[in-house]
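Reading through the structure tokens given below for one structure.
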Amino acid sequence: MEDRLTKEEVLHVANLARIEIDDKEIEMYQVKLKKLLDQIELVTKIDDNDSDYLIAPWNNNSEFRKDEVGNMLNPKEVLQNAPRKSGNYIEVPVVISNE
Amino acid sequence: MNKYLDLSLQEINNLLINKKITPKDLVIESFERIEANKDLNGFITLNKEAALKRAEDLKDQEVTSLTFGIPIAIKDNIITKNLRTTAGSKMLDNFIPIYDADVIERINEAGMIIIGKANMDEFAMGSSTQTSYYGPTKNPWDKTLVPGGSSGGSAAVVSSRITPIALGSDTGGSIRQPSSFCGIVGLKPTYGRVSRYGLIAFASSLDQIGPMTRNVYENALVLNTICGKSKNDLTSVETNEDFTRLIGKDIKNMKIAIPKFYVNDTIDIEIRQELDNIITLLKENNCVVDYVDIKYIDKAVPLYQIIAMGEASSNLARFDGIRYGYSYENPKDINDLYLKTRKNGFGNEVKRRIMIGSYLLSGKNATTYYNKALAIRDDMRNSFLDIFKNYDLIIGPTATTKAYPLGQDLDDAVKAFMDDILTIPVNMAGLPGMNLPIGFSKDHLPIGMQIIGAPFAEAKIYQLASYIEKELNLDLNPNLGGDDNE
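Read top to bottom, the protein sequences are chains A and B.
Read in order, the letters of the first sequence are residues 1 to 99 in our numbering.
Read in order, the letters of the second sequence are residues 1001 to 1486 in our numbering.
Okay, here's the thing in structure tokens:
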């Protein structure tokens, strides 16, 4: 087994995670991510025929609530932590460009 | 300097009721102690002005409970209205919450006073408080050592008697392991016992908020205050009970199980010896103590890595530089904003976990890894529940080691997980688990044991813990103690 991921594999997971990484970091992650993944691989080797999944340990106590207006935050408070804003809106950079 | 904060909550309560002191005296003393322990780095943000004002407001109010007027430290991943909340990350360095977490509303109603926001591993990812953007917290017993983590600030602050109470959070051991390293009582409640509304999510199916205190009784008091159903967390439940009710009750004929894996020889010999003393003590009191097997308990670390990192990658997707938190200044377009905000805003440990988590949940991997882990998790939980059909409680060590030196294995991708090998199974199964100090190593460092209960059996944990605590009568103040009073 290789002791490191390929450069392409690291760039693939960094892209999935939306985290930019530079060349030096790629080298670091080639080794460190591989170490973690090797450990995780152990789970796939467990012979388990349980077909039930435990997603979370609570008993399902979902319930409907009444459809009524509760406490609302005011826009000024909501926007207080926004890095860019314009009036009562949060500003977002270009999503679709012509280029 | 006054020493009111070395007194028990009952003693402080008497002084408050008889007007010998006011809440302000306690707040002032807390801040004096912070000043005297500056090198500890237990807090990220202090709340001095607001705390003094609140103490003033409480002065003429009726003393309603044992926690009234008591200073408390809050782990910095629990949001506090108008008080900066960073989760130990540069990503939230400028974040001022606009509402309170459910537990904060409850502690405010009970008359407690927030002194500050306690240091922690970034987004609770770590077990030594060294991944904090705000520098590591030191262990009050030896300032060259780590306090454990991720609730290391909370543990160090309570241990050094700066506040009698702190709140922590526990996803894989983050309350219990630092409590063990710092010699305090820390409880991770049953999943659902305490509302997670306002807890900055790491792994939502594992996270729980819990009390960290100097002794067992005070721990139960704080759980009384913070537990209960909240309409904003549908996994939270209401049971209406007093967690102190079994404290002091006889433990004769209790049936105790010890997983064989919890006494394996990778665990520090001094820790195993202290646990042996407890086993002897329990047997002398006609408790049954048996060794048992729990399915997949030895595989808990990789299992946790899949589930916790998968959930983390999903939870931390919200840090996109748009609505709050750090934002890269001059992005070309929205993708550039995501990439550079997350590159600059997250630390290494967090980035690693998000990347692995994203990978594990992508495409076919979701079946290979995540679904497989959920199936094994179900089996492990059932195996725990089977044990509780025949036994009252499970015990074992909390950690495999004592506190270790700052800087050791700092950037080791695997080390932080191995620290939690004995605590992770409890989160996987959603059970309540406590760290109880049971002695000291030759070099005067605290050693802790873990007491694990069936779902919602916290009162029984407190019953056993209070018995052992009383029998051992340890001096757990690092400024004074460090010896077995045998």
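Glycine included, C-beta positions come from ideal geometry on N, C-alpha and C.
Query: Contact set between I18 of chain A and chain B, taken where Cβ atoms lie within less than 7 Å; Result: As written in the sequence, residue 18 of chain A is Arg, which differs from the Ile given in the question. The answer, in chain order, is Y1338, L1339 and R1342.
Query: Whole runs of the alpha helix (DSSP H) within the stretch 1188–1252 of chain B, excluding any shorter than 4 residues; Result: 1216–1226
Query: Contact list for the stretch 1217–1244 of chain B against chain A, Cβ threshold 8 Å; Result: K1231, L1234, T1235 and V1237
Query: Whole-angstrom C-beta distance between D1419 of chain B and A1399 of chain B, which should lie under 8 Å; Result: 7 Å
Query: Inter-residue Cα distance where the pair is I1267 of chain B and F1261 of chain B; Result: 10 Å
Query: Amino acids of chain A, ordered along the chain, whose beta-carbon sits closer than 7 Å to that of T1367 of chain B; Result: Within chain A, no residue comes near T1367 of chain B; the closest Cβ sits about 10 Å away, beyond 7 Å.
Query: Interface positions of the stretch 1097–1124 of chain B facing chain A (Cβ-Cβ less than 9 Å), listed along the chain; Result: P1097, I1098 and Y1099
Query: Anticipated Cβ contact below 8 Å, A1155 of chain B with S1179 of chain B, distance rounded; Result: 6 Å
Query: Nearest neighbour of V1216 of chain B, chosen from B:A1087, B:P1164, B:K1252 and B:P1259 [CA to CA]; Result: B:P1164
Query: Sufficient close CB pairs (3 or more, under 8 Å) joining the stretch 1316–1332 of chain B to the stretch 1285–1300 of chain B; Result: no
Query: Complete runs of the alpha helix (DSSP H) confined to the stretch 1119–1187 of chain B [at least 4 residues]; Result: 1152–1159 and 1176–1182
Query: Separation of K32 of chain A from I21 of chain A, as counted between CA atoms; Result: 14 Å
Query: Closest residue to N1119 of chain B among B:N1108, B:D1170, B:A1087 and B:T1239 (Cα-Cα distance); Result: B:A1087
Query: Beta-carbon proximity check, I1438 of chain B vs L1472 of chain B, cutoff 8 Å; Result: yes
Query: Contiguous alpha helix (DSSP H) assignments of at least 4 residues, all confined to the stretch 1385–1429 of chain B; Result: 1415–1418 and 1424–1429
Query: DSSP-derived helix/strand/coil call for V78 of chain A; Result: helix
Query: DSSP state of V1292 of chain B mapped onto helix, strand, coil; Result: strand
Query: The stretch 75–89 of chain A / the stretch 1093–1102 of chain B touching (three or more Cβ pairs under 8 Å); Result: yes
Query: Meets three-Cβ-pair contact criterion under 8 Å: the stretch 1362–1370 of chain B and the stretch 1140–1153 of chain B; Result: no
Query: Against chain B: residues of the stretch 69–82 of chain A by CB proximity under 8 Å; Result: L73, E77, V78, Q80, N81 and A82
Query: Assumed close pair I1452 of chain B, I1258 of chain B - CB separation to whole angstroms, cut-off 8 Å; Result: The Cβ separation is near 10 Å, so there is no contact.
Query: Below-8 Å beta-carbon distance, Q1208 of chain B vs any chain A residue; Result: no
Query: Residues that F1095 of chain B contacts on chain A, provided the C-beta gap is smaller than 7 Å; Result: N81
Query: Range of the contiguous beta strand (DSSP E) that encloses Q1010 of chain B; Result: Note, Q1010 of chain B: premise wrong, no beta strand (DSSP E); alpha helix (DSSP H) at L1009 to I1017.
Query: Distance CB(D1121 of chain B)-CB(Y1197 of chain B) smaller than 8 Å; Result: no
Query: Paired residues, beta bridge with F1440 of chain B - DSSP; Result: B:P1446
Query: Completely contained beta strand (DSSP E) runs for the stretch 1034–1114 of chain B, where each covers 3 or more residues; Result: 1043–1046 and 1071–1075
Query: Beta-carbon spacing of T1137 of chain B, G1152 of chain B below 8 Å; Result: yes
Query: Enclosing beta strand (DSSP E) for I1258 of chain B [first to last residue]; Result: K1255 to P1259
Query: Cβ neighbour criterion (16 or more within 10 Å) applied to Y1338 of chain B; Result: buried
Query: Cβ shell of V1289 of chain B (< 7 Å), same chain only, five flanking positions each side left out; Result: I1256, I1258, I1279, L1282 and K1283
Query: Cβ pair count under 8 Å reaching 3, the stretch 1195–1213 of chain B against the stretch 1230–1245 of chain B; Result: yes
Query: Under the three-state DSSP convention, the category M72 of chain A falls into; Result: coil
Query: Boundaries of the alpha helix (DSSP H) in which S1313 of chain B is found, first to last residue; Result: A1300 to N1315
Query: Simplified DSSP state of S1030 of chain B, which is helix, strand or coil; Result: helix
Query: Any chain A beta carbon closer than 8 Å to L1147 of chain B; Result: Note that residue 1147 of chain B is Pro in the sequence shown, not Leu. Taking Cβ atoms only, chain A never reaches closer than 8 Å to P1147 of chain B, which makes this a no.
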